[in-house]
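Position one of the sequence shown corresponds to residue 81 (our numbering), numbered consecutively onward. C-beta atoms are modelled at their ideal positions from N, C-alpha and C, and glycine is treated no differently. Here is the structure we will look at, set down as structure tokens.
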Amino acid sequence: MNSCPTPPGWVVNRPAPAYHLTTMISPESLQIVLYPTPVLREQAQPIEQVTDEVRAIVDRMFELMHEAPGVGLAAPQVGLPWRLFVANPTGEPEDDRVFINPVLRDPTREMDEMEEGCLSLPHIKGIIRRPIGMTIDALDRDGQPFTITSREFDARVWQHEFDHLDGILILDRMPPIDRMANKKLVKELESARA
Ligand code: NI
81 MNSCPTPPGW VVNRPAPAYH LTTMISPESL QIVLYPTPVL REQAQPIEQV TDEVRAIVDR
141 MFELMHEAPG VGLAAPQVGL PWRLFVANPT GEPEDDRVFI NPVLRDPTRE MDEMEEGCLS
201 LPHIKGIIRR PIGMTIDALD RDGQPFTITS REFDARVWQH EFDHLDGILI LDRMPPIDRM
261 ANKKLVKELE SARA
């Protein structure tokens with residue numbers, strides 16, 4: 081209870097400003113960031129609302145992914161700690177798809193191993209063991225929910241990109257023998273940034 085009237089122009093208990101994901105980001109300025117840029121190790125945050133700004137960034141991410149070229153690119157890889165990634169496992173234009181606030185579920189018990197690389201870890205490759213199949217729930221570029229289940233290459237791309245949203249890199253998942261084989265390249269990346 082406050083019996084004193086608030087003097088004009090004073091704000092009592094002003095709430096913290098709402099956290100807006102998109103403040104002054106110009107999509108053209110975004111570039112792929114390389115390990116060990118700290119954002120690659122962060123826990124990314126959900127997108128509150130799929131706005132035109134988010135869509136403009138998604139478009140830029142598709143551009144960067146195709147230029148690279150790559151089959152997937154996660155927002156932390158362009159310096160944004162957001163839960164979103166773009167993917168295109170075939171390279172066909174109609175297969176571009178964005179996954180906003182994705183959730184992976186129902187992994188198959190069946191696993192397989194495949195060599196993976198990462199646009200943020202140039203020249204580094206490792207054999208990664210993952211479930212063959214997965215279901216993913218996400219929002220599309222209009223903010224509409226969708227669900228896909230796959231036992232194809234898509235499911236592997238989703239898992240790789242989803243890892244980025246939790247700060248996980250292929251370096252963490254590759255077997256020790258591959259980590260040893262890549263040791264020099266990793267050191268080079270680390271000293272390039274130091
Ligand atoms: Ni990657």
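Outcome for residue i when other beta-carbon atoms lying within 10 angstroms are tallied against a minimum of 16
i	result
Phe226	exposed
Val183	exposed
Pro156	buried
Asp252	exposed
Glu196	buried
His244	buried
Gln239	buried
Arg189	exposed
Met254	buried
Asp258	buried
Arg236	buried
Met145	buried
Ala98	A caution first: Ala98 carries a pLDDT of 40, below 50, which makes its placement in the model unreliable, though a value can still be read off. Ala98 is exposed by the Cβ-count criterion.
Arg273	exposed
Cys84	At Cys84, the pLDDT of 43 sits below 50, so the modelled position is not reliable and the matter cannot be decided from this model.
Ser271	exposed
Asp234	buried
Arg185	exposed
Ser200	buried
Asp171	Residue 171 is actually Gly in this sequence, not Asp. Classification of Gly171: exposed, given that the 10 Å Cβ count is below 16.
From the options, residue whose alpha carbon lies closest to that of residue i
i	options	result
Thr215	Ala154, Ile207, Leu201, Phe242	Phe242
Arg209	Leu219, Asp217, Met191	Met191
His203	Glu268, Thr170, Arg231	Glu268
Asp276	Ala136, Gly150, Arg185	A query on residue 276 cannot be resolved here, the shown segment of the chain reaching from 81 to 274 and no further.
Pro256	Arg231, Pro161, Lys205	Lys205
Trp162	Gln125, Ala261, Leu265, Pro107	Gln125
Val123	Arg185, Gly213, Gly159	Looking at the sequence itself, residue 123 is Gln, so the reference to Val does not match. Nearest of Arg185, Gly213, Gly159 to Gln123, Cα basis: Gly159.
Gly223	Pro187, Val138, Met104, Lys264	Val138
Phe142	Met260, Arg121, Arg221	Arg221
Ser230	Ile207, Gly213, Leu219	Gly213
Val266	Cys198, Ile228, Leu110	Cys198
Paired residues, beta bridge with residue i - DSSP
i	result
Trp162	Gln125
Pro187	Paired residue(s): none; Pro187 is not in a bridge.
Asp217	Val183, Thr227
Ile207	Glu195
Gly247	DSSP output for Gly247 lists no bridge partner at all.
Gly150	For Gly150, which the question treats as bridged, DSSP gives no partner whatsoever.
Arg177	Ala167
Leu120	BP columns for Leu120 are empty, so no partner.
Leu110	In DSSP, Leu110 forms no bridge with anything.
Leu201	Cys198
Any C-beta of chain D under 8 Å from that of residue i
i	result
Leu114	Of the protein chains in this structure there is only one, and it is not chain D.
How do the region 174–183 and the region 123–142 stand: do at least 3 beta-carbon pairs fall below 8 Å, yes or no? yes
Within 6 Å of the ligand NI: residues by beta-carbon to any heavy atom: Cys198, Leu199, Ser200, His240, His244
Using 8 Å as the cut-off, can you tell me whether the region 110–119 makes contact with the region 164–172, which would need three or more C-beta pairs spanning the two stretches below that distance? no
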